[in-house]
Amino acid sequence: MVDDILVRAMLYAQLDAIDRRPPDEPDEAVDPLDDNRLPGGVALTLRALTKSFGANPVLHGIDLHVPAGQFLTIIGKSGCGKSTLLRILAGLDAPTAGEVLFDGRASQRSPHVSRLMFQEPRLLPWARVLGNVEVGLGARRNAPGADRRALAKLAEVGLERRAHDWPAVLSGGQKQRVALARALASKPNFLALDEPLGALDALTRIEMQALLESVWREEGFTAVLVTHDVTEAVMLGDRVVLIEDGIVKLEVDVPIARPRRRGSPQVAALEERILDHLFADGARLPITRFKAA
Amino acid sequence: MSDSQITLGRTSRFAAPVVPPRRILPALRRFLASDAASWIIPVLLLLVWQGVARAGLLPANVVAAPSDVFDAAWRLTLSGELLDNVGISAKRAGIGFAIGGSLAFAFGLLNGVSKVGEKLTDATFQMVRNIPNLAMVPLVILWFGIEDSARVFLVALGVFFPIYINTFHGIRTVDVQLVEMGRSYGMSNGELFRRVILPGALPSIFVGLRYALGVMWLTLIVAETIAANSGIGYMAMTAREFMQLDVVLLSILLYALLGKLADSIARLLERTTLSWHPAFQAHAKEP
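Just so you know, the sequences run in chain order A and B. Residues 426 to 718 in this note's numbering are what the first sequence lists, from first letter to last. Residues 2 to 288 in this note's numbering are what the second sequence lists, from first letter to last.
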C-alpha cells in the first residue's frame with residue numbers, strides 16, 4: 426500500500442510535468458490564510474465507517490459525531506484500528522464503506538481545511554525550519570508574505586529563534602513543535618493528531634500537551650487525537666473514545682474543568698475507569714488488584 | 002650519580018618542553034583537518050621521486066625526474082601543443098559527459114517516477130549496462146572511424162549508467178512518509194517533485210555524478226590511446242614511439258590532475274546543494 430502511494434504520487438508528478446496547470450486554483454475561493462480569520466471548528470460525522478485491507482477488516486462500522494471545536498481523544502491498544510480511522514478522517518485513506526461528513530457535507534464539497542500531524546515530525550531535511558513551516562501554508566506557500574506568516578506560527582510554538590536552522594540540529598520535541606507550527610499554518614478547522622507525542626520523553630510530552638491544549642483553545646479547531654497514553658487522553662480530551670477490535674467500545678465525556686491538574690482525583694478516577702475497560706480480562710494487574718484506600 | 006638525581010633529571014627533561022607542544026599540537030591538528038592536508042602525500046611523493054631520480058637510483062629509461070616532466074610541460078606549453086591537446090581532451094570529455102549525463106538523468110527521472118517508463122526501458126538499459134563500454138571500441142571504430150564522435154560516443158555510453166542507476170535509485174528511495182506528508186499538505190504534483198522528490202534523490206544523484214566523472218576519464222584515456230590523432234592520450238602514444246618518457250609521464254599526470262579537478266567541482270556542488278545533510282554540517286551542534 427505504501428508503495429502504491431509512492432508510485433501514484435510519482436505518476437502524477439510525471440503527468441504534471443507535461444500538463445502545467447496553475448496549482449491549487451480552487452483553494453483561492455476560500456481564503457484560509459486571511460490573517461484575521463479565526464479558523465473555528467468543523468463538525469465531523471462518521472456513519473457506519475468500515476475499512477478492510479484485503480480480506481482483513483480493521484474497522485467495523487464506526488458511528489461517531491464530533492461537534493465543532495471539540496477535542497476528542499481516541500484510545501486503544503496497538504492494532505485496534507485507531508490510526509486507520511484517523512487517516513480516513515484526514516483524507517489520506519478512503520473508507521471501504523460508510524462515510525465521513527464535515528458539517529454535514531462530503532469531504533470534497535466541504536470548504537474546511539484539515540491537517541494531520543504524524544507520529545513522526547516528517548520535516549523536509551533539506552528545508553530550513555522556516556521553509557518547513559511554509560509547507561503548511563497550502564496554496565499560499567509560494568505567495569509573498571509566506572515567510573512572515575510562517576514566522577508568526579513559529580513564534581506561537583516558541584521556536585522563532587530557530588527559524589534558519591536545519592531540522593537535523595533540533596531535538597525531538599523541537600521537531601514536533603515545528604511540525605505543529607506547520608499543521609497550524611493554514612489555520613485548520615480540523616486537526617488530526619496521530620500519536621504525535623508518542624516518541625517524546627515524558628517531560629517534553631507534558632510540555633507539548635500544554636502547548637497543544639493552549640493552541641486548541643486559542644484557535645478553536647476540532648481536534649481528534651489518537652494516543653495510547655490514557656493520562657494524555659484524559660488530560661486533553663473533552664471526550665474519550667475507546668476503540669477495540671475495530672468498534673467503539675466505550676465513550677466517556679470528561680467533565681473536568683480546564684486547566685486540568687495531572688494526578689488530580691478526578692483525572693485518576695477516569696483513567697482507572699478507562700483502564701478497566703481496556704483490560705477487562707484482568708491482564709493489567711497480574712496477581713492482586715491494588716487500590717489505595 | 003645517585004638515583005634521586007636521575008629521577009630529578011628525568012622529570013625536568015619531561016617537564017620542560019610541556020609548554021611548546023600545547024601550542025604546536027593544536028596548530029598541527031588544525032592543519033591536518035584543513036584541505037591543505039590532502040596535498041601532503043602527493044607533495045611528499047613528488048619530493049621523494051625527484052630525490053631518487055636525481056641521485057641516479059632510477060634508470061632514465063624507466064622513470065624521468067619530476068623536474069624533467071615540468072620541463073616537458075613548459076616546452077609543450079610554449080609550443081602550444083599541450084594546451085591544444087588538453088583542450089581537445091577536455092572538450093571530448095565535456096561533450097560526451099553532457100550527452101550521456103543528460104540522457105541518463107532524464108531517463109533516471111522518468112523511470113523513477115513512472116512504472117510504465119521503467120517497464121519499457123529499464124530491462125534494456127540493464128542489459129546494455131553489462132557490456133563493458135570499452136568492449137565496444139572495435140565496433141565504435143567501425144561506426145565512427147577515428148573521428149571525435151567515436152570518443153564522444155564511448156564517453157557518453159560510459160557515464161550513462163552510473164548516473165542513470167543512481168538517479169533512478171535516488172528517486173525510488175525517497176522517503177515515502179515525506180511524499181505522503183507533501184500530498185496531505187496539498188502540494189501539486191510539480192511542487193511535490195520540486196520540494197520533496199528531487200531534493201530527496203539528490204544525494205544519490207551526486208554519487209552517480211562522481212562515479213561517472215571517473216568513468217569519463219577512464220574511457221577517454223583508453224579511447225584516445227587506441228584510436229586518435231589528437232588529445233592527451235594521443236600525445237602519450239606519440240611520445241612513447243619517440244621514447245619521450247617525460248611526455249608520457251606528463252600525460253599521465255595531466256589525467257590525474259584533470260580527474261581531481263572534475264571531482265573537486267563535483268564535491269563543491271555537492272557541498273553547496275546538500276548543505277542540509279548532516280554529513281555536510283561540520284559545524285552544526287546539537288542544541
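Each residue gets a CB set at the ideal place from its N, CA and C atoms; glycine is no exception. This one's a predicted model, so the numbers in the text were calculated from it and none came from an experiment.
Mind listing the chain A neighbours of residue i? Cutoff is C-beta to C-beta under 9 Å, in chain order.
{"i": "B/L179", "result": "R547, L548, L549 and P550"}
{"i": "B/P200", "result": "L549, P550, W551 and A552"}
Please compile the residues from chain B whose C-beta is within a distance smaller than 7 Å of the C-beta of residue i.
{"i": "A/G561", "result": "Y186"}
{"i": "A/D541", "result": "Looking at the sequence shown, residue 541 of chain A is not Asp but Leu. Here the neighbours are S185."}
Output needed for residue i: all residues of its chain with C-beta closer than 6 Å, excluding positions within five of it in sequence on either side, in chain order.
{"i": "B/L210", "result": "A267"}
{"i": "A/V554", "result": "R587, A588, D590 and V603"}
{"i": "B/L179", "result": "V197"}
{"i": "A/L511", "result": "A617, D619 and V651"}
{"i": "B/L135", "result": "V223"}
{"i": "A/E524", "result": "R472"}
{"i": "B/I96", "result": "V153"}
{"i": "B/D247", "result": "A65, D69, V70 and A73"}
{"i": "B/W277", "result": "none"}
{"i": "A/Q691", "result": "I681"}
{"i": "A/R664", "result": "L497 and D678"}
Name, please, each residue of chain A whose Cβ falls closer than 8 Å to the Cβ of residue i.
{"i": "B/R211", "result": "Chain A residues near B/R211: none, gap ~19 Å exceeds 8 Å."}
{"i": "B/R196", "result": "L549, A552 and V560"}
Give me whichever residues DSSP pairs with residue i in a beta bridge.
{"i": "A/T475", "result": "A/A522"}
{"i": "B/F126", "result": "In DSSP, B/F126 forms no bridge with anything."}
{"i": "A/A531", "result": "A/L526"}
{"i": "B/A243", "result": "Correcting the residue type first, residue 243 of chain B is Phe in the shown sequence and not Ala. According to DSSP, B/F243 bridges with nothing at all."}
{"i": "A/A482", "result": "One point to set straight first is that residue 482 of chain A is Pro, not Ala, in the sequence displayed. Its beta-bridge partners are A/S477."}
{"i": "A/M542", "result": "A/L618"}
{"i": "A/T470", "result": "A/H490 and A/L526"}
{"i": "A/R393", "result": "Here chain A has residues from 426 to 718 only, and residue 393 of chain A is not among them."}
{"i": "A/D497", "result": "The displayed chain sequence assigns Leu, not Asp, to residue 497 of chain A. According to DSSP, A/L497 bridges with A/V649 and A/R664."}
{"i": "A/D678", "result": "A/R664"}
{"i": "A/V673", "result": "A/I668"}
Residues of chain A with a CB under 7 Å from the CB of residue i: which are they?
{"i": "B/P60", "result": "The contacting residues do not exist; B/P60 stays about 56 Å from chain A at best."}
In chain B, what lies closer than 8 Å to residue i by C-beta?
{"i": "A/A571", "result": "The contacting residues do not exist; A/A571 stays about 13 Å from chain B at best."}
{"i": "A/A564", "result": "G187"}
Can you give me the Cβ contacts of residue i inside the same chain, cut-off strictly under 8 Å, excluding the 5 residues immediately before and after it?
{"i": "B/L275", "result": "L203, P204, F207 and F281"}
{"i": "B/A38", "result": "F32"}
{"i": "A/G662", "result": "F496, L497, T498, L650 and V679"}
{"i": "B/W218", "result": "A94, Y256, L259, G260 and A263"}
{"i": "A/P550", "result": "W591, P592 and A593"}
Using a Cβ cut-off of 9 Å, pull out every chain B residue sitting near residue i, in sequence order please.
{"i": "A/L517", "result": "E181, R184 and S185"}
On the premise that residue j lies in contact with residue i, defined as a C-beta separation below 8 Å, what is that separation, rounded to the nearest angstrom?
{"i": "A/G501", "j": "A/L667", "result": "6 Å"}
{"i": "A/A575", "j": "A/V558", "result": "4 Å"}
{"i": "B/R152", "j": "B/R241", "result": "Wrong, their Cβ atoms sit about 19 Å apart, outside the cutoff."}
{"i": "B/G159", "j": "B/V87", "result": "Actually they do not touch by this definition, with Cβ atoms about 20 Å apart."}
{"i": "A/M633", "j": "A/G598", "result": "6 Å"}
{"i": "A/P613", "j": "A/F646", "result": "5 Å"}
{"i": "A/H485", "j": "A/I699", "result": "So it is not a contact: roughly 21 Å between Cβ atoms."}
{"i": "B/Y186", "j": "A/V560", "result": "6 Å"}
{"i": "A/F543", "j": "B/M182", "result": "7 Å"}
{"i": "A/Q601", "j": "A/L584", "result": "Not a contact, Cβ separation roughly 11 Å."}
Apart from the five residues just before and just after residue i, which ones in its own chain have a Cβ nearer than 7 Å to its Cβ?
{"i": "B/R130", "result": "F162"}
{"i": "A/E696", "result": "V655, T656 and V659"}
{"i": "B/L104", "result": "F161"}
{"i": "A/E450", "result": "Low confidence applies here, because A/E450 scores a pLDDT of 41, under 50, leaving its location unreliable; read the following figure in that light. Nothing listed; no residue qualifies."}
{"i": "A/P457", "result": "Legend: pLDDT at A/P457 = 48, less than 50; position of this residue unreliable, value from coordinates given subsequently. Answer for A/P457: V538, G563, S611 and K612, listed in chain order."}
{"i": "B/D149", "result": "R93"}
{"i": "B/I227", "result": "V138"}
Are any of the Cβ atoms in chain C nearer than 8 Å to that of residue i?
{"i": "A/D572", "result": "No chain C is part of this structure, whose protein chains are labelled A and B."}
Using a beta-carbon distance cut-off of less than 8 Å, what residues from the stretch 119-146 of chain B approach chain A? none
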